[in-house]
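Visitor: 194 is the number that my numbering gives to position 147 of the sequence shown; each next residue is one higher, with no gaps.
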Amino acid sequence: MASDMVYLEIFGQPMVMLNNQAALDLLDKRGSLYSDRPHLPMAADFSGMGDLTPIMHYGEKFQFGRRLMNQALSARAVSKWEGGIAEESHAMLRLLYSDPMKFTAHLNKMAGSIVMMSMYGHRVVSDDDPYVNLAIEFMEASTNAITGRWIVDFLPLAKYIPGLAFRKQAAEWRARIPDWVDKAFDSFKENMESLQHSSEDAKNSLCGSLMITPDGSPVDPETENRVKWIATSGFGAGLDVFIMAMALNPKVQAKAQKEIDEVIGRDRLPTFQDREYLPFMECVFKESLRWGTPAPLSVPHRLIQDDVYNDYFLPTGTICIGNIWGILHDETLYKDPESFKPERFQGLDPQEAKKLDPTNYVYGFGRRRCPGKNFAHSAAWFSMLGLLSSFVISPDIDESGKEIPIKVEFEPGAIRHTKPFRARFTPRHNKVADLLSLV
Numbered sequence: 048m049a050s051d052m053v054y055l056e057i058f059g060q061p062m063v064m065l066n067n068q069a070a071l072d073l074l075d076k077r078g079s080l081y082s083d084r085p086h087l088p089m090a091a092d093f094s095g096m097g098d099l100t101p102i103m104h105y106g107e108k109f110q111f112g113r114r115l116m117n118q119a120l121s122a123r124a125v126s127k128w129e130g131g132i133a134e135e136s137h138a139m140l141r142l143l144y145s146d147p148m149k150f151t152a153h154l155n156k157m158a159g160s161i162v163m164m165s166m167y168g169h170r171v172v173s174d175d176d177p178y179v180n181l182a183i184e185f186m187e188a189s190t191n192a193i194t195g196r197w198i199v200d201f202l203p204l205a206k207y208i209p210g211l212a213f214r215k216q217a218a219e220w221r222a223r224i225p226d227w228v229d230k231a232f233d234s235f236k237e238n239m240e241s242l243q244h245s246s247e248d249a250k251n252s253l254c255g256s257l258m259i260t261p262d263g264s265p266v267d268p269e270t271e272n273r274v275k276w277i278a279t280s281g282f283g284a285g286l287d288v289f290i291m292a293m294a295l296n297p298k299v300q301a302k303a304q305k306e307i308d309e310v311i312g313r314d315r316l317p318t319f320q321d322r323e324y325l326p327f328m329e330c331v332f333k334e335s336l337r338w339g340t341p342a343p344l345s346v347p348h349r350l351i352q353d354d355v356y357n358d359y360f361l362p363t364g365t366i367c368i369g370n371i372w373g374i375l376h377d378e379t380l381y382k383d384p385e386s387f388k389p390e391r392f393q394g395l396d397p398q399e400a401k402k403l404d405p406t407n408y409v410y411g412f413g414r415r416r417c418p419g420k421n422f423a424h425s426a427a428w429f430s431m432l433g434l435l436s437s438f439v440i441s442p443d444i445d446e447s448g449k450e451i452p453i454k455v456e457f458e459p460g461a462i463r464h465t466k467p468f469r470a471r472f473t474p475r476h477n478k479v480a481d482l483l484s485l486v
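#1: Specify the secondary structure class of Thr379 as computed by DSSP and reduced to three states.
#2: Ignore the nearest five residues each way along the sequence and tell me which others in Asp353's own chain have a CB closer than 8 Å to its CB.
#3: With Cys367 and Leu380 assumed to form a contact (beta carbons below 8 Å), what rounded beta-carbon distance in angstroms separates them?
#4: According to the neighbour-count rule (16 or more other Cβ atoms, all chains shown, within 10 Å of its Cβ), is Tyr324 buried or exposed?
#5: For Tyr410, count neighbouring Cβ atoms within 10 angstroms of its own Cβ and tell me buried if that reaches 16, exposed if not.
#6: With 16 as the cutoff for other CB atoms within 10 Å, does Ser174 come out buried or exposed?
#7: Do the CB positions of Pro397 and Leu375 come within less than 7 Å of each other?
#8: Apart from the five residues on each side of it in sequence, which residues of its chain come closer than 6 Å, Cβ to Cβ, to Met103?
#9: Who does Glu56 pair with in a DSSP beta bridge?
#10: Closer than 7 Å by C-beta to Trp197: which residues in its own chain qualify, once you throw out the five before and the five after it? Chain order, please.
#11: To which residues of the same chain is Leu202 closer than 6 Å at the C-beta, ignoring the five residues directly before and after it?
#12: For a test of the three-state rule: what should DSSP assign to Cys330, helix, strand or coil?
#13: In whole angstroms, what is the alpha-carbon distance linking Glu306 and Leu435?
#14: Excluding the five sequence neighbours on either side, which residues of its own chain have a C-beta within less than 6 Å of the C-beta of Met62, listed in chain order?
#15: Compute the beta-carbon to beta-carbon distance between Ile462 and Pro341, rounded to the nearest angstrom, for a pair I have assumed lies under 8 Å.
#16: For Gly448 and Pro442, what's the separation of their Cα atoms in angstroms?
#17: Return the chain-ordered list of same chain residues with a C-beta closer than 7 Å to the C-beta of Ile132, the five sequence neighbours on each side being excluded.
#18: Report, in whole angstroms, the separation of the C-beta atoms of Leu295 and Ile453, which I expect to be a contact under 8 Å.
#19: Please go through the region 162-238 and give each complete beta strand (DSSP E) segment of 3 or more residues, from N-terminal end onward.
#20: Exposed or buried, Gly106, counting other C-beta atoms within 10 Å across all chains shown (16 or more means buried)?
#21: Among Tyr207, Ser335, Tyr81 and Tyr356, which one has its Cα closest to the Cα of Lys388?
#22: With DSSP run on the structure shown, which of helix, strand or coil describes Gly369?
#23: When DSSP labels each residue in this structure, what does Leu142 get in the three-state scheme?
#24: Indicate the three-state DSSP secondary structure (helix, strand or coil) for Arg457 in the structure shown.
#25: Starting from Leu361, follow its DSSP beta bridges and name the residues at the other end.
#26: Suppose the cutoff is 6 Å on Cβ atoms and the five residues either side in sequence are ignored; what does the same chain contact list for Gly419 look like?
#27: Among residues of its own chain, excluding the 5 on either side of Met166, which ones have a beta-carbon nearer than 7 Å to its beta-carbon?
#28: What's the C-alpha gap between Phe422 and His153?
#29: Given that a residue counts as buried once 16 or more other Cβ atoms are within 10 Å of its Cβ, and exposed if not, what is Ala69?
#30: For His137, does the three-state DSSP call read helix, strand or coil?
#31: Would you say Ala158 and Gly285 are within 7 Å of each other, going by their C-beta atoms?
#32: Thinking just about the alpha-carbon of each residue, which of Gly78, Val439 and Asn155 is nearest to the one in Val136?
#33: Would you report the Cα separation of Asn370 and Lys478, rounded to the nearest angstrom?
#34: Need the endpoints of the beta strand (DSSP E) that Arg471 sits in, please.
#35: Give me, in chain order, the residues of the same chain whose beta-carbon lies closer than 6 Å to that of Ser484; leave out the 5 immediate sequence neighbours on both sides.
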């Protein structure tokens, strides 16, 4: 087929992998035809995850959940979480200062703390918070369940064959659903009446904004169930790729830190209000998304009626997958795509800037695009800025003082994480400790 579409059939099921313009033309511009999801028995039927909004068929139930998400995750709503995001980011920086070798654990704790604060109004105080651990477990399980790679997802007859490996895995996941989905939400509900009067964190949380009504009356059961499942979707990718990129690209790091010093100085920590004055930092943020590509492939879309694209016939039921990694590493769009070059986003006219902006791709496509974009942007950008304002990030050194090489390697999975690597975090100046002690 055309170079921007790759067609194949698996057991008679037509599928297309969409690159570049085809992904935007079909999944975005023809969203009314391409917004359904294929049925994923592994997740929906066997694992008990059928209420996950990302895998729902396009219909009233999905649209209702989507309206709730858009309401709770708007730019205005997310701005209420900026104070909490800043507090958790500062806590992470303090942990890095005192124990830099455990940077992965510190980043995970920060990510979990931000999610618990924003979704439930729950503040994490322990390094081993049970709700954070459950959220991480569910993120890993659900992203594995919805990939469509399980035999029962593309060979329906497999559900009648006993003893296949997918059954054991699905049973393990289903048994964990009450812990993963219900525990944090039930805790929020138990405290909702008192929290309604005393806790700004709770009222500003996603659950609070959707569950606490102006007159104090309870929401209907369907709304409550939707909110409960929406809240489980808050955990996203971490900052491991950014750390790796900075350690491997000291000139980029130094350029960003020069901008930070010119705009912010060294007498205070950054704030969200600094963002508009840090254009190169914005380029670093975009390049981190492009170079690392958190989710290489979009969740599959399903065509609901026959369609034709560039003279090629696509039958009803065709499964369409956006090749996000392929788009963001296409040499015709991004010169030298394997190199980390934030400068590629500088000096572009508005049309070209929009075309190359990786945020058009990393959050999915069309009516299925992730509504948590504003939230993800705020948390990731502020954390990146805090790291660069306080530390020089570099490869770790061995006992002889020689740098330990960092290999650009990723763990397999629907969400990409780097394989373990060692990095060093050196305070940039002698005021760092004092600044971190004040927040």
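We treat Cβ as the ideally placed atom computed from N, Cα and C, and that holds for glycine.
Guide: Inspection of the coordinates gives the following:
#1: coil
#2: Only Phe360, Leu361, Pro362 and Thr363 meet the Cβ criterion.
#3: Not quite, the Cβ-Cβ distance comes to about 20 Å (not below 8 Å), so this is no contact.
#4: Under a 10 Å Cβ-count criterion, Tyr324 is classified as exposed, with fewer than 16 other Cβ atoms of the shown protein chains found around its own Cβ.
#5: buried
#6: Per the sequence shown, residue 174 should be read as Asp rather than Ser. The residue is exposed, with fewer than 16 neighbouring Cβ atoms inside 10 Å.
#7: No. Outside cutoff.
#8: Closer than 6 Å at Cβ, skipping near neighbours: Phe109.
#9: Pro61
#10: Met89 and Phe213
#11: Phe58
#12: helix
#13: The alpha-carbon atoms of Glu306 and Leu435 are separated by roughly 10 Å.
#14: Within the same chain, Met62 has close Cβ partners Leu55 and Ile366.
#15: 6 Å
#16: In a straight line, the C-alpha of Gly448 is about 11 Å away from that of Pro442.
#17: Ile161, Ser425, Ala426 and Phe429
#18: About 6 Å separates the two Cβ atoms, so the contact holds.
#19: none
#20: exposed
#21: Ser335
#22: strand
#23: helix
#24: This sequence places Phe at residue 457; Arg is not what is there. DSSP places Phe457 in strand when its eight states are reduced to three.
#25: Asp354
#26: Result list for Gly419: Leu120, in chain order.
#27: Ser252, Leu253, Cys254, Ala278 and Gly281
#28: 20 Å
#29: buried
#30: helix
#31: yes
#32: For clarity, residue 136 is Ser in the given sequence; the question names Val instead. Of the candidates Gly78, Val439 and Asn155, the one whose C-alpha sits nearest the C-alpha of Ser136 is Asn155.
#33: The C-alpha of Asn370 lies about 45 Å from the C-alpha of Lys478.
#34: Ala470 to Pro474
#35: none
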